[in-house]
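For reference, the structure discussed in these notes is given below.
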């Protein structure tokens, strides 16, 4: 007996048993389940078991909870908090020292003490310094382990108000200008040598003439330079501790200003302001570059028979005229560096730079000194105007034009902010580096 095969065989499926799945289900496409059909934790791509809700792996080993990274402060903020906490501890130690030994208080004996010191007195100021500094140190330590909040911004604002503004005076600006002026001959000599060695066409246009002028001036004015050094250097050495203390409070105020802004950077207002600075960064940079121009031009008049803002001393002493030229050169350096925020050589080092020529300029390389100088100018704006107003309305207006810190400082801060936003926007995620690196220097 023969059998005929069934032309339409019935498809057979394996018999389902409890606990065993026979294939993918429709609802599996919605995402992975916490457990498979056998009640086991699925493995991840690396073969490890996932974290359970208690922060431990299913095999009992410790792990990191997914929200731990969200609770911690960003890395850049943690670095600033470490530095800010350190400056607050130093400020607290200085306050205790000055409160216990009034004769050692540097600002009390200064020729131009901070206006806040004259307003409330030494004892209350140094007591307030200790309290605010310790509060900043405590909040800084706490902020290292959690996301920034409004409390961090408030405490940071207190640090800025006291250490940045409260300890600023006209000497804050003057001492900075003197130090820059003293460093200008060394800086110009280094630039001239580098241009001669690697400058190409700039070797003959800038490098050789610059070195020739420096050598000629040093030989012809050796006596004048020696006399000037004998007047300036002893004064700076005598006020060295005060200069260091002033620099400390400027840096502390700048650090806490940056911390406060980073703590609030996720707010809509700051995001909108950051985008606005990027769009307007060129005009903001030009405004900031004009800040040192009145002082630079005024000091150049000391080389003429009609020196301005120098009096009879500038007219009769050649060494004072040379000092005016050095001060003017420092101001012109500020103009040049500010313009670099919108020029290609502000994004890529010029070819004649040793070791780094042709490489992208790190954003922090321009941002840190730029924001620090902007903070110094903003801090000095009020004391400069208060000191000038005590001499009359005409003097106050003159100082407002010659030292326009009230405009220069905020404009420089916004210009640097726009530079940082622009540089970050040029990062090419596909190339892994800044697009500006492809630009010529």
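In the numbering used here, the protein residues as written are 748 to 1188.
The C-beta atom is built at its ideal place from N, Cα and C for all residues, glycine as well.
Is it buried or exposed, residue i, if we count other Cβ atoms within 10 angstroms and call 16 or more buried?
i	result
residue 848	exposed
residue 773	Confidence is the limiting factor: at residue 773 the pLDDT is only 43, short of 50, which leaves the residue's position unreliable, though a coordinate-based value still follows. The residue in question, residue 773, is exposed, as its Cβ has fewer than 16 Cβ neighbours within 10 Å.
residue 1066	buried
residue 893	exposed
residue 1102	exposed
residue 780	Model confidence at residue 780 stands at a pLDDT of 45, short of 50, so the residue's coordinates are unreliable and nothing is read from them.
residue 1052	exposed
residue 956	exposed
residue 1026	exposed
residue 1190	No information on residue 1190 is available, as it lies outside the stretch 748 to 1188 that the chain covers here.
Skipping 5 residues on each side, what residues in its chain have a beta carbon closer than 8 Å to that of residue i?
i	result
residue 920	1123, 1124, 1127, 1131, 1150 and 1152
residue 827	1002, 1005, 1006 and 1009
residue 941	954, 1099, 1100 and 1101
residue 1172	1025
Give me the DSSP bridge partner(s) of residue i.
i	result
residue 1095	1107
Kindly list the residues whose CB is nearer than 6 Å to the CB of residue i, restricted to its own chain and excluding five residues on each side of it in sequence; keep chain order.
i	result
residue 945	1099
residue 1088	1032, 1162 and 1166
residue 1119	1001
residue 1081	1039
residue 1135	1142, 1143 and 1146
residue 1106	1096
residue 1078	1039, 1042 and 1043
Which residue's Cα is closest to the Cα of residue i: the options?
i	options	result
residue 911	893, 876, 892 and 882	876
residue 1159	1046, 934, 989 and 1029	1029
residue 981	1169, 902, 871 and 925	925
residue 1111	955, 1139 and 1170	1170
residue 906	879, 1139 and 923	879
residue 832	965, 927, 903 and 1121	903
residue 837	991, 1045 and 1012	991
residue 1083	1064, 1104 and 1117	1117
residue 871	899, 842 and 898	842
residue 840	873, 829, 825 and 867	873
residue 1121	1092, 1148, 1172 and 1156	1156
residue 1011	969, 895 and 1173	895
residue 835	1104, 965 and 881	881
If I measure Cβ to Cβ from residue i and keep anything under 7 Å in the same chain, skipping five residues before and after, which residues do I get?
i	result
residue 822	none
residue 909	875, 876 and 879
residue 844	851
residue 922	990 and 993
Contact between the stretch 973-986 and the stretch 1063-1083 is defined here as three or more beta-carbon pairs at a separation below 8 Å; is this criterion met? Two segments are said to touch when three or more pairs of C-beta atoms, one from each, lie closer than 8 Å; by this definition the stretch 973-986 touches the stretch 1063-1083.
Would the stretch 1159-1176 and the stretch 1015-1025 be scored as touching if the rule is three or more Cβ pairs under 8 Å? By the Cβ criterion, the stretch 1159-1176 is in contact with the stretch 1015-1025, since at least three pairs of Cβ atoms, one from each stretch, lie closer than 8 Å.
For the pair the stretch 915-933 and the stretch 982-997, tell me if three or more CB-CB distances fall below 8 Å. Contact between the stretch 915-933 and the stretch 982-997 is present: 3 or more CB-CB pairs across the two stretches fall below 8 Å.
Assess contact between the stretch 875-889 and the stretch 983-991, defined as three or more Cβ pairs (one per stretch) separated by less than 8 Å. Is contact present? Touching, no, given that fewer than three Cβ pairs across the two stretches are closer than 8 Å.
How do the stretch 936-954 and the stretch 855-867 stand: do at least 3 beta-carbon pairs fall below 8 Å, yes or no? Between the stretch 936-954 and the stretch 855-867, the count of C-beta pairs closer than 8 Å stays below three; the two stretches do not touch.
Quick check: the stretch 941-960 against the stretch 1036-1056, are there 3 or more CB pairs under 8 Å? No, the stretch 941-960 does not touch the stretch 1036-1056.
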